[in-house]
Amino acid sequence: MANDQRASLSSGGYAAGRLLISEEDLQARIRALGREITTDYAGRAPLLVGVLKGAFMFMSDLARAIDLPVEFDFMAVSSYGHSTRSSGVVRIVKDLDLDLADRDVIIVEDIIDSGLTLNYLRRNLLARNPASLEVCALLVRENHRMDGSILRYEGFRVPSDFLVGYGLDVNERFRNLPDIRVVASAPDADAGTDGGAS
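Residue 215 in my numbering sits at position 187 of the sequence shown, with consecutive numbering throughout.
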């Protein structure tokens, strides 16, 4: 990855910096999560609800690692707009196409930071009467304390650094990196991102 142009090109003064989680470590953990979900949902067909845009790569790889029939749907929610600072108000930008009633639903998140978005999503989706609702997050901030009954599947604990790669972005750049990296210079309030918040 040292000569990978995807990481070396800057975006508005921001560059993908030091490697935090390698592609190999990501894929190994995702395979383990897939095995765990396969065991937990044996005989059922879970519906994976991906939170756009950041979770799309994780959800794709996770679905392939689950040895069960699965269905997909996507939601886009925002509390950030084009800023890295939360407005504190979450709104649905794109809603689900499928009915959740009596379905086994797994919310697939890229990163859990404050928990604001996830708490909103859980309340919203529980109101749609799924048979069950669980959460699978690839990344969770080290300082974030979440009840294990809320976060069933967790990939990695990560520091509070601003992160890019594997779906996470700054100014819509670096999503296609196969690994997770720390941004070399922290984005300001005008940068649109997924790498810091959910």
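Quick reminder that beta carbons are idealized off the backbone N, C-alpha and C, glycines included.
Here E162 has I134 and R180 as same chain residues with Cβ atoms under 6 Å from its own Cβ, once five neighbours each way along the sequence are excluded.
Inter-residue distance for F86 and D189 is about 20 Å (C-alpha atoms, whole angstroms).
Unbroken beta strand (DSSP E) runs of no fewer than 3 residues, entirely contained in the stretch 151-197, are found at 160-169 and 181-186, following chain order.
Per DSSP, G78 is not a residue of any alpha helix (DSSP H); the beta strand (DSSP E) it occupies stretches across L75 to L80.
Proximity to G71 across C164, D89 and I94 peaks at I94, based on C-alpha coordinates. Here DSSP, grouped into helix, strand and coil, assigns D132 to strand.
Annotated three-state conformation of D138 is strand, per DSSP.
When rounded, the separation of the alpha-carbon atoms in L144 and E52 is 30 Å. The alpha-carbon separation between I49 and V211 amounts to approximately 13 Å.
The residues M103, A104, V105 and N152, in chain order, have a CB closer than 8 Å to that of I120 in the same chain once the five nearest residues on each side in sequence are set aside. Looking only at N171, V192, Y194 and D125, the smallest Cα-Cα distance to R185 is reached by N171. With distances taken between CA atoms, I140 lies nearest to L191 out of L191, L90, N157 and R131. Collapsing the DSSP output to three states places D207 in coil. Cβ neighbours of P206 within its own chain (closer than 8 Å, five residues either side excluded): M29, E51, L54, G193 and Y194. Annotation for R119: no alpha helix (DSSP H) segment contains it, though the beta strand (DSSP E) segment containing it runs R119 to K122.
Secondary structure note for D101: its beta strand (DSSP E) is the uninterrupted segment E99 to S106. A159 is a Cβ neighbour of D132, given a cutoff of 8 Å.
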